[in-house]
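For reference, the structure is listed below as structure tokens.
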Amino acid sequence: MDGGNYSVVSEFVFLGLTHSWEIQLFLLVLASILYVLSMTGNTLIVFSVAIDPHLHSPMYFLLACLSFIDLAACSVTSPKMVYDLFRKHKVISFGGCITQIFFIHVVGGVEMVLLVAMAFDRFVAICKPLHYHSIMSPRMCALFLAASWGLGISQSLFQLAFIADLPFCGPNVFDSFYCDLPRLLRLACTDTYKLQFMVTVNSGFICVGSFLLLLISYIFILFRVCKHSSGGSSKALSTLSAHITVVFLFFGPTLFVYTWPHPDSQIDKFLALFDAVFTPFLNPVIYTFRNKEMKAAIKRVFKTLLTFRNIS
Numbered sequence: 367m368d369g370g371n372y373s374v375v376s377e378f379v380f381l382g383l384t385h386s387w388e389i390q391l392f393l394l395v396l397a398s399i400l401y402v403l404s405m406t407g408n409t410l411i412v413f414s415v416a417i418d419p420h421l422h423s424p425m426y427f428l429l430a431c432l433s434f435i436d437l438a439a440c441s442v443t444s445p446k447m448v449y450d451l452f453r454k455h456k457v458i459s460f461g462g463c464i465t466q467i468f469f470i471h472v473v474g475g476v477e478m479v480l481l482v483a484m485a486f487d488r489f490v491a492i493c494k495p496l497h498y499h500s501i502m503s504p505r506m507c508a509l510f511l512a513a514s515w516g517l518g519i520s521q522s523l524f525q526l527a528f529i530a531d532l533p534f535c536g537p538n539v540f541d542s543f544y545c546d547l548p549r550l551l552r553l554a555c556t557d558t559y560k561l562q563f564m565v566t567v568n569s570g571f572i573c574v575g576s577f578l579l580l581l582i583s584y585i586f587i588l589f590r591v592c593k594h595s596s597g598g599s600s601k602a603l604s605t606l607s608a609h610i611t612v613v614f615l616f617f618g619p620t621l622f623v624y625t626w627p628h629p630d631s632q633i634d635k636f637l638a639l640f641d642a643v644f645t646p647f648l649n650p651v652i653y654t655f656r657n658k659e660m661k662a663a664i665k666r667v668f669k670t671l672l673t674f675r676n677i678s
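Residue 664 in my numbering sits at position 298 of the sequence shown, and the numbers go up by one each step.
So, in structure tokens, the structure goes:
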């Protein structure tokens, strides 16, 4: 076949998470609850950081950016997954599949850079406290934000370039509940072994590189913190433990899904479900319950809202 983009496949079929109606019903309830809680928790963090002057610092600005991208993360695949749990025939249009892949990679790229930025912020705060405000200036925060979106969008467009000229004429079945690039490449009506290898290497390099950078950074910071025994060190350890937990929650499933050439289908589904539903829910829970200032700010926001409601 020649390489023109003459796709005859107009939609793709998802096999879903399971064929058991009981398990599907359980997942429907669980995913719906976690989605609502994820949206509520992350919105509350963004709102609290925006209106509470006590949280107008680089650390909370980056946290609000992470919560904002988590709002997008839980909205890329979760609503479609919940909707499909109602349906026997689970389909997505060709354009919808490409759009889903695009936003999955945008969200992933942005979140990686934000996690690196948050590690850098903690490194400066703990290792160079006297220079913290000069280094973590509003300009630096804006540069981190621009870099995260720049990398996310460019990386996503680069990934989609792999399929720009591929023909799709069947089969059109995904053994999953969402579209991902490696599975889509396997459905092309031509040999895509080299493209699959390039995607694995490209995604693997970025994921593994970012994860190792974060791991080394936090190990170095922990060594510096452990040399001190003050109350401030205890607070720093609590903050770092929250950051490290979020890093492992994000990179654990991502490293397996996008760096393992042929992942097991069931494990792949479980990790993708965890990444799509649980991680956006756990992130605000971890940052809220491990941070006294955030809990106090949320209480102040609720008081403000109640006061406003009573006045109205």
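For each residue, glycine too, the CB sits at the ideal point set by N, CA and C.
Proximity to residue i [Cα-Cα], best of the options
i	options	result
Thr645	Ala608, Arg666, Thr670 and Glu659	Ala608
Phe528	Arg549, Ala602 and Lys661	Arg549
Leu523	Ala416, Ile467 and Ala483	Ile467
Leu580	Val479, Asp546 and Asp641	Val479
His455	Leu551, Cys535 and Phe543	Phe543
Thr670	Leu410, Ile587 and Leu396	Leu410
Met405	Val567, Asn568 and Ser433	Ser433
Phe586	Val574, Val567, Leu606 and Gly570	Leu606
Ser441	Val643, Leu526 and Leu588	Val643
Phe427	His385, Pro504 and Pro445	Pro504
Met484	Phe655, Ile610 and Leu615	Ile610
Phe647	Ile458, Ser576 and Ile399	Ile399
Trp387	Ser459, Val567, Arg453 and Thr566	Arg453
Leu481	Pro495, Trp515, Gly461 and Ser459	Trp515
Helix, strand or coil at residue i according to DSSP, with G and I counted as helix
i	result
Val479	helix
Ser459	strand
Phe534	coil
Val651	helix
Phe540	strand
Val374	coil
Phe644	helix
Phe380	strand
Thr465	helix
Asn568	helix
Lys494	coil
Lys593	coil
Cys507	helix
Asp557	coil
Sequence-distant residues of its chain with Cβ nearer than 7 Å to residue i (five each side left out)
i	result
Ala663	Ser414, Asp418, His420 and Leu421
Met367	Residue placement at Met367 is flagged as unreliable, the pLDDT there being 44, under the threshold of 50; a coordinate-derived value is accordingly withheld.
Leu588	Leu606
Near the ligand MG: residue i beta-carbon under 8 Å from a heavy atom
i	result
Met506	In the structure on display, the ligand MG does not appear, and there are no ligands present to speak of.
Residues near residue i by beta carbon distance below 6 Å, same chain, minus five either side
i	result
Gly407	Pro650
Leu493	As written in the sequence, residue 493 is Cys, which differs from the Leu given in the question. For Cys493, where only same-chain residues beyond five positions count, the Cβ hits under 6 Å are Arg590.
Leu561	Phe528 and Leu551
Ala602	Ile492 and Val591
Val457	Glu377 and Val379
Pro424	Asp487, Met502 and Cys507
Asp641	Pro619
Cβ separation of residue i and residue j, assumed to be a contact under 8 Å, to the nearest whole Å
i	j	result
Phe622	Leu639	The pair is not a contact, with the Cβ atoms about 13 Å apart (cut-off 8 Å).
Asp436	Phe380	Incorrect: roughly 24 Å between the Cβ atoms, too far for contact.
Tyr498	Ala508	Their Cβ separation, rounded to whole angstroms, is 17 Å, which puts Tyr498 and Ala508 out of contact at 8 Å.
Leu393	Leu383	6 Å
Ala696	Phe540	This structure cannot settle anything about residue 696, because the visible part of the chain is limited to 367 through 678.
Gly518	Val476	4 Å
Leu547	Cys431	Not a contact, Cβ separation roughly 25 Å.
Start and end residues, alpha helix (DSSP H) containing residue i
i	result
Pro548	Leu547 to Arg552
His499	Tyr498 to Ile501
Arg453	First-last for Arg453: undefined, no H or E at that position.
Ala527	Premise fails: Ala527 is in no alpha helix (DSSP H) and is neither H nor E.
Cys431	Pro424 to Val442
Thr406	Trp387 to Ile417
Same chain, Cβ closer than 8 Å to residue i, five either side skipped, listed in chain order
i	result
Ile633	Phe622
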